[in-house]
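Undergrad: Structure incoming, see below.
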Amino acid sequence: MPSGHPLRRTTTPALPLVQSTDGALPFTWRHGWRRWRLFLFAFLVFVDASAVPIALYYGLTYAGRVQGWIIFAVVTTIWGGPTYLEFGVRTIRLMKKSKFFRPLGTDSRWCFDMLTYTSITIMTAVTALFVVGSAPHNVWLRVLCMPAPAILYCLGGIMGLIMLWNLMGWKAPFRISSTAKGEAVLPAAYYFIEDVVAVNAGAGRPYREALAARYNASPRFQRMLHKQSLFWFIPALILAVALTVVALHPSVPATGAYGVCWAVPFLWCSLWGGITVWWCKREMVRERLEWEERNGTADKEARRSTRTDASGSGSGSGSGSREAVALGDRSTTEGADAAV
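With the UniProt record's numbering as the guide, the letters of the sequence shown map in order to residues 1 to 340.
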């Protein structure tokens, strides 16, 4: 996709990628309002998935003297509302007759992307922990400390498996978003960026095509996504293990462990997200400068050679004219001498 090309909705299959030849990066996304939609969704997830369980538990326990099983019946009922709603919306988009939101290389309405499978894994784990922990009349509070660390286990574990395939050079055992079975596996961050922006932000297949073109064209972009994948999945697993120790160790009060285990993962995600934005902006500035230096130099040399050829042909024609004038003057003089 040429730089600055608008992302248009279409019902036709995606066209083959065409690399840019005008010296510009093959993809520059004009995100516009989409980034604010994603930011609002992330804020709602933070409030619903972290702040609400903490506020309900401590507020109803110490201010309302409500029994634990009633508290967690309420928490289990309302937890993850925006997440489940967004999951339903993106699933419907992928199943539509139109191919606009689907991964590249497939036309099947039942071919979901990697973010769909990750979301199913996370929701299953969290729901199971809620049910097991709140089923007894006297709730198992230490089990109910684990849903947030379980999110880190699922996210970090899936990213870790993808990175293992990527680092070992193994072929994809099944379709991973736009990577077909048997193709090389890309860094984990690539798939999550592709799926979130293409489906949740509504950019569709044109974004998937453009992201693939950018990844194939830019070595720095490839390194950036590789580093971002490691930057996210390794700390996620380390933090999940640490929070598991906090939740289950008998020396830590269960009431205190509950607040720590529910707050820390989402605060960590906010911090890591801010660092990621700063890091990626810096890397993309360097990427653009390197690209312009590498491709701009070739363009300048081509233009310089063109100007040299043009000036050479122009000077040649001018000297030829001057020689013709000199020969004409000489022949005129010789003719006059002969006449005399």
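All C-beta atoms, glycine included, are put in the ideal place defined by N, C-alpha and C.
Does Asn216 pass the burial test, meaning 16 or more other C-beta atoms within 10 Å, or should it be called exposed?
TA: Its Cβ having fewer than 16 others within 10 Å, Asn216 is exposed.
Undergrad: Please report the Cβ distance between Val268 and Ala148, rounded to the nearest whole angstrom; I am assuming they are in contact, meaning their Cβ atoms lie under 8 Å.
TA: Correcting the residue type first, residue 268 is Trp in the shown sequence and not Val. Actually they do not touch by this definition, with Cβ atoms about 10 Å apart.
Undergrad: Please state the DSSP three-state secondary structure of Ala172.
TA: coil
Undergrad: How would you label Ser229, buried or exposed, when you count the other beta carbons within 10 angstroms and need 16 or more for buried?
TA: buried
Undergrad: Going by other Cβ atoms of all chains shown within 10 Å of its Cβ, with 16 needed for buried, is Arg205 buried or exposed?
TA: For Arg205, the number of other beta carbons within 10 angstroms of its own is at least 16, and it is reported as buried.
Undergrad: Going by beta carbon distance, what residues of the same chain come within less than 8 Å of Ala125, once the five residues before and after it are set aside?
TA: Pro147, Ala150, Ile151, Tyr153, Cys154
Undergrad: What do you reckon, are the CB atoms on Gly133 and Phe43 nearer than 8 Å?
TA: no
Undergrad: With a 10 Å radius around its C-beta and 16 neighbouring C-beta atoms as the bar for buried, classify Arg90 as buried or exposed.
TA: buried
Undergrad: Considering Cα atoms alone, identify which of Gly105, Ala51, Leu211, Leu225 is closest to Leu167.
TA: Leu225
Undergrad: Please classify Asp107 as buried or exposed, where buried requires at least 16 other C-beta atoms within 10 Å of its C-beta.
TA: exposed
Undergrad: In angstroms, rounded to a whole number, what distance separates the CA positions of Gly88 and Gly256?
TA: 34 Å
Undergrad: Using a Cβ distance threshold of 8 Å, determine whether the segment 241 to 253 contacts the segment 66 to 83, with at least three qualifying pairs required.
TA: no
Undergrad: Can you name, in chain order, every residue of its own chain whose Cβ lies under 6 Å from the Cβ of Arg175, other than the five neighbours on each side?
TA: Lys181
Undergrad: Could you tell me the alpha carbon to alpha carbon distance between Leu38 and Val285, rounded to whole angstroms?
TA: Distance between the alpha carbons of Leu38 and Val285 is about 23 Å.
Undergrad: Would you kindly report the start and end of the unbroken alpha helix (DSSP H) that includes Leu60?
TA: Element bounds for Leu60: n/a, residue is neither H nor E.
Undergrad: Does the separation of the CB atoms of Thr121 and Ile158 fall below 8 Å?
TA: yes
Undergrad: Which residue wins for smallest C-alpha separation from Trp291, given the options Arg93, Val45, Phe221, Tyr84?
TA: Of the candidates Arg93, Val45, Phe221, Tyr84, the residue whose Cα lies closest to the Cα of Trp291 is Phe221.
Undergrad: With DSSP run on the structure shown, which of helix, strand or coil describes Thr106?
TA: Here Thr106 carries a coil assignment [DSSP, helix/strand/coil].
Undergrad: What does DSSP give as the partner residue(s) for Thr179 in the beta ladder?
TA: Ile176
Undergrad: Under a three-way DSSP split, which group does Ala184 fall into?
TA: strand
Undergrad: Could you give the residue range of the alpha helix (DSSP H) that holds Leu49?
TA: As written in the sequence, residue 49 is Ala, which differs from the Leu given in the question. That residue, Ala49, is in no alpha helix (DSSP H); it is neither H nor E in DSSP.
Undergrad: Could you give the first and the last residue of the continuous alpha helix (DSSP H) run that contains His226?
TA: Element bounds for His226: 219 to 248.
Undergrad: Could you check if Gly80 is buried or exposed, using at least 16 other CB atoms within 10 Å of its CB as the buried criterion?
TA: buried
Undergrad: Please state whether DSSP places Arg65 in a helix, a strand or coil.
TA: Coil.
Undergrad: Distance check for Val245 and Arg142, CA to CA, integer angstroms please.
TA: 11 Å
Undergrad: Less than 8 Å between the CB atoms is what I'm expecting for Phe266 and Ser119, so what's the real figure, rounded?
TA: Phe266 to Ser119, Cβ: 16 Å. No contact.
Undergrad: Shortest alpha-carbon distance to Ile275 belongs to which of Glu287, Phe231, Ala236, Ala247?
TA: The candidate whose alpha carbon is nearest that of Ile275 is Phe231.
Undergrad: From what residue to what residue does the alpha helix (DSSP H) around Gly88 run?
TA: Start and end: 81 to 95.
Undergrad: Go through the segment 95 to 170 residue by residue and report every complete run of the alpha helix (DSSP H) that reaches 4 residues or more, in order.
TA: With a minimum length of 4 residues, the unbroken runs of alpha helix (DSSP H) contained wholly in the segment 95 to 170 fall at 114 to 134, 141 to 144, 147 to 168.
Undergrad: Assuming Ile162 contacts Ala198 under a Cβ cut-off of 8 Å, what Cβ separation, rounded to an integer in Å, is found between them?
TA: Rounded to the nearest angstrom, the Cβ distance from Ile162 to Ala198 is 17 Å, too far for a contact under 8 Å.
Undergrad: By DSSP, does Trp33 sit in helix, in strand, or in coil?
TA: Coil at Trp33, not helix or strand.
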